[in-house]
Amino acid sequence: MSLKRTCHHFFAVLAGALLLAGTAIAADYPEKPITLIIPLGAGGSHDVNARVFTSIIPTYLEQPMIVKLMPGAAGQTGTAAAVKAKPDGYTLIFTHNFIDQLQPLLETLPYDTTESLVTVARLNSAPGMIFVNADRPWKTLKEMLDYGRANPGKLKFATSGNWGATMTMGALVMIKEGVDVNYIPYKGGGPANQAVLAGDADFSVNFPGPLLPLEKAGKIRILSFSGKERHKDLPDVPTTEELGIPGSYMERIILAPRAIPEAELQTLRNAFVKMYEDKTFLNMMDKIGETTDYMSGPDYEKVRAQQKVDYQELVKKLSN
Amino acid sequence: MLEHLSEGLSLLMRIDTFVMTGFGLLLGMAVGALPGFTTVMAMAILLPVSFFMDPLVGIPFLIGIYKGGIYGGSIPAILINVPGTGASVATTFEGPALTKKGQSRKALDMALFASVIGDFSSDVFTILLMAPIAALALMVGPPELAAIVLFSLIIISGTTHGVFVKGLIMCAFGIFLSMIGQDPLGGMSRFTFGFFELKSGIPLLPLLIGVFALPEILVAVGDKTTAYIAGNKSIIQGSRLALRELTRCSKTIFRSTGIGIFLGMVPGVGQVVAAFVGYAAAKKASKHPETFGTGELEGIAAAESANNAVNGPTLVPLLTLGIPGDNVTAILLGAFVAQGLRPGPQLMVEQAPLMYALLLAMLFANLLFIILGYLTIPFFARVVSIPKAALLPVTAVFAFAGSYVFRSDPFDLVLLVFFGVFGFIARKLQFDVTPLVMGFILGPILEYSFGQTVNLAGGDMVSYIVLERPIAGVVFVLSVIAAVTILWGNYKKRKKSLAGDLAKNHGD
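Chain order of the listed sequences is A and B.
Here my numbering is used: position 90 in the first sequence is 90, and no number is missing along the way.
Here my numbering is used: position 239 in the second sequence is 239, and no number is missing along the way.
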């Protein structure tokens, strides 16, 4: 990465940060800054991911992208705002699959995400891992599940909050395996990890970023990894596919109101494609410990449709 | 460790670190002083900028924003009775009263010195005792948290002024308000009457600004406005803080710092509670508790040193386990990771000199802040010297803008006006709004941790607490003892004053 390029990006970031409009005069879309709604709180992983890509994407859109945090009601406040926004391509939402596809199945919401929102791109996807405190006796997932089956309701599962990402990922496995566990909600993934470390809870689900250093220090044992192949740093941990259990991912996605003009949607999608060839972007994502497995809008639309089917089944089983 | 410290110190001796820390401090102070713009927002926006800097420049820059921001929040709290964050609510107990007395500069100076002393001591404490704090933080789970919050609530309620029953009514109402929205454990909607807008609950800022700042304006409107303006052409800023005024408060600052450090070790309690408890404890210990609430510098010292002393220990779970305890530490986690420093058990070992350099940078940020803060306070204090005719509308603009920018939801403005009118009526009926805010902030923490405890106990609360959670049990017993002591004290005081009244009546 040349110095000039670094400087260039530095100033691009600064310009975006100071909410200054870009200097380029575009003939058509986008001709003003684009608002990116995040339906989650400041400082979370979505916030951090967004700060990275919104600092790079102006290079390809020739307009800044401004983050607007709208937390509340487990993501529903921000989602409602995105659905109601004018479909002119100047309001987008950066959300994840559970807010997008699972929540509408759980309660009556004043919007239908599938009908109202369309995928611009999938930024990345975080693979879930089931882990326990290292002093727990279970060496494999099977041992833990056997214990859980023999002692219904005894296993304590620290979740990141009701129907949050980690609860859903764990529940998918527990239901499939017919294990009755005690779900204990915490305020986010961090406190849930802490509960496992303190021995308050037996297991939880989280992502490689926060878990690998704890595993390396011998504080936790990772029992499964949601991936096609084993994780390069964890050669002994079996994948969910090997174990025959459902893999689970948190998909970070950028959506736009579905009524957006085709040309505008194309411009946005192209900008993300170009950004994924940008070395600085890939570098920064790597530095914050996130994957860069981009998926195009049309491809993710198919994944979304499948999610709807899967989650419907999950909810049906959980409510029985 | 000493060798790592000195190695860290030599790494830190560079001019760009100091320049950027100072820049961060000023930026944080400015952002914190604008109601509605939170320190977390400023840090999140500037996080990517730090990616392009050396770790020893970028991270101290963010730490500067953080430290400056917390102090910045107390500026509008003192000057115009608009607490920018929950942490500065306790500062409004004395700040605006001091401003009215023409001592706004003294108040701002006291807030600065108390903040920096509290913060500095807590940082030193944290650097020296990192491992024990980390061990302690893991011992505090939901049951302990519930017990500690209950204990804090009792201590704080025991010292609110005004009629005790009125305080209880307001506290209960605050807890009720906090329950509107989704219940934290089951995710069910409650008390929303089907309004989607209420589903996310009532946000803190419109409530805070509504009950504290708007009544101020409404009262001014109620008192014949013209007379009000003519009578208060401008408020004087007063002289600066004298050294002896600071030393007079040294005991209070010391006590509050201890309270802040302790509460900082308890994950999930935070600055708001520390400020309240620090203030309550200072009032309780004072020989002249009646001066509290009428513009007592000691009250500012108590609240500000306590909320800043929380900062050091909250970093420990981040540095030792990689677990961020709040939003600020979550952003710092992002900054560390982007620099290739993955916080976790090995970080303090593998990167010892660099980590100690960063910890020392926090101490330097404090020292630098004394100078920068002292130089910029006159600029902020000038705000009150603009004529009242201009100050009141400016306050109103800040109140509305501050409530809006937080979530960008127009519904929050409706809430702001509602709570403004509510606060005005409460003031006219002599109901103190502080217990309301306290219940609103602490209620959910208590509810959540209690709910988790019930879940963890799996149906057998008593044996779970007694056998597996003795610490929680002890704190719970202490709360009961504290409640009884306070009630007994009140009873004796009332009996004494009744007897006094009787004696006086006889004398007539």
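Glycine is no exception: its CB is placed at the ideal position from the N, C-alpha and C atoms.
- Looking at the backbone, the Cα of G258(B) and that of M265(B) are separated by about 11 Å.
- Secondary structure in the segment 269–347 of chain B: the alpha helix (DSSP H) runs of 4 residues or longer, each lying completely within the stretch, are 270–285, 297–309, 311–321 and 327–338 in chain order.
- With a contact defined as Cβ atoms closer than 8 Å, D119(B) and N327(B) miss out at about 18 Å.
- Neighbours of M65(A) across chain B, judged by C-beta separation under 8 Å, do not exist; the nearest C-beta is about 12 Å away.
- Apart from sequence neighbours up to five positions away, the residues of its chain that approach A134(B) with a beta-carbon distance below 6 Å are V316 and T320, ordered along the chain.
- Note on geometry: alpha-carbon atoms of L265(A) and A330(B) lie some 33 Å from one another.
- By the neighbour-count criterion, in which a residue is buried when 16 or more other Cβ atoms sit within 10 angstroms of its Cβ, D432(B) is buried.
- Contact between M170(B) and L487(B) does not hold, since the beta-carbon distance rounds to 19 Å and is not under 8 Å.
- Counting only residues of its own chain and dropping the five nearest sequence neighbours on each side, T140(A) has a CB closer than 7 Å to the CB of L223.
- Distance from the CA of E245(B) to the CA of A280(B), rounded to the nearest whole angstrom, comes to 20 Å.
- For S224(A), the enclosing beta strand (DSSP E) stretches over residues I220 to F225.
- Proximity to A426(B) across F173(B), F369(B) and G8(B) peaks at F173(B), based on C-alpha coordinates.
- Between S157(B) and D202(A), the alpha-carbon positions lie close to 37 Å from each other.
- Boundaries for L185(B): no beta strand (DSSP E) harbours it, and the DSSP string shows neither H nor E there.
- Judged by DSSP in its simplified three-state form, S248(A) adopts coil rather than helix or strand.
- The alpha-carbon separation between P152(A) and E290(A) amounts to approximately 36 Å.
- Assignment of P215(B) by DSSP, reduced to helix, strand and coil, places it in the helix class.
- Between F53(A) and I38(A), the alpha-carbon positions lie close to 13 Å from each other.
- Close CB contacts of P210(A) within its chain, under the 8 Å cut and outside five residues either way in sequence, are with G189, G190 and N193 (chain order).
- Judged by beta-carbon spacing, L62(B) lies within the 8 Å limit of M43(B), meaning their Cβ atoms are closer than that value.
- In the structure shown, T240(A) adopts helical secondary structure according to DSSP, grouped into three states.
- DSSP places N366(B) outside any beta strand (DSSP E); the residue lies instead in the alpha helix (DSSP H), whose first and last residues are A352 to A381.
- Excluding residues up to 5 positions away in sequence, E94 lie with their Cβ nearer than 7 Å to the Cβ of E296(B) in the same chain.
- For the segment 22–56 of chain B, residues whose beta-carbon sits nearer than 7 Å to a beta-carbon of chain A comprise V40, M41, A44, I45, L46, L47, P48, V49, F51 and F52.
- Excluding the 5 residues flanking it on each side, T453(B) has same chain C-beta neighbours closer than 7 Å at P142, P143 and A146, in chain order.
- Taken in chain order, the whole alpha helix (DSSP H) runs of length 4 or more contained in the segment 165–207 of chain A are 165–177 and 189–198.
- Considered as a whole, the segment 126–162 of chain A harbours 141–150 as its complete alpha helix (DSSP H) runs of no fewer than 4 residues, in chain order.
- In this model, R252(A) and N124(A) are separated by some 6 Å (Cα to Cα).
- Closest option to Y249(A), judged by alpha-carbon separation, among D233(A), L172(A) and D286(A): L172(A).
- Positions of the alpha helix (DSSP H) runs, each at least 4 residues long and wholly inside the segment 74–125 of chain B, are given as 95–100 in order along the chain.
- Taking the CA atoms as reference points, F400(B) sits about 46 Å from L498(B).
- Separation of L255(A) and M20(B) (C-alpha to C-alpha, rounded to the nearest whole angstrom) is 37 Å.
- Within the same chain, V266, V269 and V475 come within 7 Å of I148(B) by CB-CB distance, once the 5 residues on both sides are set aside.
- Note that the C-beta distance between G181(B) and T192(B) is below 8 Å.
- Look at A73(A): its C-beta is under 8 Å from a C-beta on chain B.
- By the neighbour-count criterion, in which a residue is buried when 16 or more other Cβ atoms sit within 10 angstroms of its Cβ, K67(B) is buried.
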